[in-house]
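A short worksheet on the structure shown next.
Numbering (the working numbering), first residue to last: 6 to 281.
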């Protein structure tokens with residue numbers, strides 16, 4: 006019997022209600038990332054772009070295979086594991102803002118992630134000091150973070166990273182796919198004074214600085230999500246033939262944190278909110 010006929014002929018409303026609930030549950034399960042990292046810190050990113058929204062949407066939903074969840078003429082949103090990301094078209098003419106953000110992947114899948122991404126984009130070369138002789142040279146080894154990662158550029162010039170953090174217990178079987186993008190785990194804020202901004206973030210959300218840092222770079226949070234505070238003027242990928250110097254640009258982030266605060270620093274177009 007077809008599902009529609011079964012509902013039509015059901016003798017009780019409770020059966021129809023149950024089927025309706027089942028249908029909603031099925032849709033929810035289809036949209037679920039089954040490797041979900043329930044400790045994800047970064048839940049939503051609002052990022053601006055001067056690039057074609059059509060090209061960017063095609064890249065993230067078709068090339069990478071992530072789920073489109075909303076679309077309007079001036080923005081679109083997609084889901085990567087437990088994080089939603091919205092790209093908003095900037096009204097500024099000839100503007101080309103770009104960001105660095107990273108996705109956590111299962112800690113045992115960096116080699117499979119590399120092979121998978123090479124079928125879709127080139128990978129950025131690794132600085133000599135980050136080469137691990139046990140891995141291909143386009144995989145970076147962050148020894149002090151106990152992590153390996155790969156970097157690539159998206160069509161808007163964003164520097165994207167897949168990072169396998171070996172201190173996380175998130176091993177997964179099978180081949181690599183877009184479902185292995187568990188959450189966004191890094192977003193960079195470009196600032197003039199890293200110490201001041203880092204201290205503001207730590208105080209606002211009761212978070213700690215992660216494994217070192219200096220006047221050029223500080224990471225706030227943990228392996229499940231890091232807010233990167235980077236000094237203005239630092240050149241990204243300066244060791245390659247594609248290098249870019251990021252500017253101070255509008256960035257809005259929703260996170261999980263112990264303190265329910267809203268952070269909007271003076272003189273910067275940044276906003277961090279806590280999910281309530």
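Cβ coordinates follow ideal geometry from the N, Cα and C atoms, glycine included.
Nothing here was measured: the structure is a model prediction, and the numbers come from that model.
- Where residue 60 is concerned, the enclosing alpha helix (DSSP H) starts and stops at 58-62.
- Per DSSP, residue 278 is one residue of the beta strand (DSSP E) stretching across 275-279.
- Residue pairing by DSSP places residue 233 opposite 193 and 224 in a beta bridge.
- Contact annotation: residue 106 and residue 85 have beta-carbon atoms that are not nearer than 7 Å.
- A distance below 7 Å between beta-carbons, with the five flanking residues on each side excluded, links residue 270 to the following residues of its chain, in chain order: 202 and 205.
- Buried is the label assigned to residue 173, since at least 16 other Cβ atoms lie within 10 Å of its Cβ.
- Spatial neighbours of residue 68 in its own chain (CB-CB distance under 6 Å, excluding positions within 5 residues in sequence) are listed in chain order as 125.
- Closest option to residue 166, judged by alpha-carbon separation, among 175, 231, 154 and 160: 154.
- Take the alpha-carbon of residue 80 and the one of residue 170: they are about 31 Å apart.
- If you look at residue 207, you'll find it in the alpha helix (DSSP H) that goes 199-210.
- In the displayed model, residue 166 falls within a strand according to three-state DSSP.
- Per DSSP, reduced to three states, the secondary structure at residue 88 is strand.
- DSSP, read as helix, strand or coil, puts residue 154 in strand.
- Between residue 59 and residue 157, the alpha-carbon positions lie close to 19 Å from each other.
- Less than 7 Å separates the beta-carbon of residue 121 from that of residue 181.
- Going by C-alpha positions, residue 194 is about 32 Å away from residue 139.
- For the pair residue 255 and residue 90, the CB atoms are not nearer than the 7 Å cut-off.
- If you look at residue 120, you'll find it in the alpha helix (DSSP H) that goes 115-123.
- When the five nearest sequence neighbours on each side are left out, the beta carbons in the same chain lying within less than 8 Å of the beta carbon of residue 190 are those of 45, 46, 47, 107, 108, 109, 168, 170, 228, 229, 230 and 231, in order along the chain.
- The residue from 51, 129, 87 and 50 with its alpha-carbon nearest to that of residue 244 is 129.
- Looking at the DSSP output, residue 51 shares a beta bridge with 91 and 257.
- Rounded to whole angstroms, the gap between the alpha carbons of residue 177 and residue 147 is 21 Å.
- In the DSSP assignment, residue 76 forms a beta bridge with 81.
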